[in-house]
Amino acid sequence: MGEIVKKWYVIRAVSGKEKKVKEYLELEISRMKLGDYVNQILIPMEKVFKIQNGKKALKEKVFLPGYVIIEAALVGEVKHVIKGIPNVIGFLGTVKGGEPVPMRMSEVNRIIGKVDELAEHEEEMKVPFIVGEPVKVIDGPFNN
Numbered sequence: 290m291g292e293i294v295k296k297w298y299v300i301r302a303v304s305g306k307e308k309k310v311k312e313y314l315e316l317e318i319s320r321m322k323l324g325d326y327v328n329q330i331l332i333p334m335e336k337v338f339k340i341q342n343g344k345k346a347l348k349e350k351v352f353l354p355g356y357v358i359i360e361a362a363l364v365g366e367v368k369h370v371i372k373g374i375p376n377v378i379g380f381l382g383t384v385k386g387g388e389p390v391p392m393r394m395s396e397v398n399r400i401i402g403k404v405d406e407l408a409e410h411e412e413e414m415k416v417p418f419i420v421g422e423p424v425k426v427i428d429g430p431f432n433n
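Put into structure tokens, the structure is as follows:
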């Protein structure tokens, strides 16, 4: 038997439920033994700094909310299994009732490159002050 040709597709998911969709997909793939047809499931993430309780915290945020990227061969039941996952709306680029449109390799490389760049590049917090500039504290224990 020849090698199974896998292509990259974008799954539209309910915004904020991307991680759940990935978990459900991984469980369903292992349960139905579809590992030969699905290679990778990606949720592009970026690191952002937020200030919580006066402390700087590093958080991971979804870079493309509402989208999950998957490398798969949509043969047999694979497409229907993916569409049947809770919180999955469908495939991006699909005409109603038609076949999902795979991503171009240039798009995939750009997204994966951007994700890698965001993962290794820790963005510094942007503070709109210059060292030595007088400031007025208006809230917190040091106000006035």
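Heads up, the sequence shown is in the working numbering, so the first residue is 290 and it goes up one at a time. No residue lacks a Cβ here, since even glycine has one placed at the ideal position from N, Cα and C.
Output the boundary residues of the beta strand (DSSP E) element that contains residue i.
i      : result
Lys336 : Met334 to Gln341
Val370 : Careful: Val370 lies outside any beta strand (DSSP E), inside the alpha helix (DSSP H) at Val367 to Lys372.
Tyr326 : Unbroken run through Tyr326: none, as it is neither H nor E.
Just how far apart, CA to CA, sit residue i and residue j?
i      : j      : result
Leu363 : Glu315 : 16 Å
Gly365 : Lys372 : 13 Å
Val299 : Phe380 : 6 Å
Trp297 : Lys385 : 19 Å
Lys403 : Asn433 : 44 Å
State the CB to CB distance for the pair residue i and residue j, rounded to an integer number of angstroms; the pair is presumed to be in contact (CB under 8 Å).
i      : j      : result
Ala302 : Ile400 : Going by Cβ atoms, the distance from Ala302 to Ile400 rounds to 16 Å, so no, they are not a contact pair.
Pro389 : Ile358 : That belief does not hold up - the Cβ atoms of Pro389 and Ile358 are roughly 12 Å apart, past 8 Å.
Asp325 : Ile293 : 6 Å
Which residues mark the beginning and the end of the alpha helix (DSSP H) in which residue i is found?
i      : result
Lys348 : Segment Lys344 to Val351 is the beta strand (DSSP E) holding Lys348; no alpha helix (DSSP H) there.
Tyr313 : Glu307 to Arg320
Looking at the strands, I want to know which residues DSSP matches up with residue i.
i      : result
Phe380 : Ile300
Val426 : For Val426, which the question treats as bridged, DSSP gives no partner whatsoever.
Among residues of its own chain, excluding the 5 on either side of residue i, which ones have a beta-carbon nearer than 7 Å to its beta-carbon?
i      : result
Lys295 : Asn328, Glu360, Ala361 and Ala362
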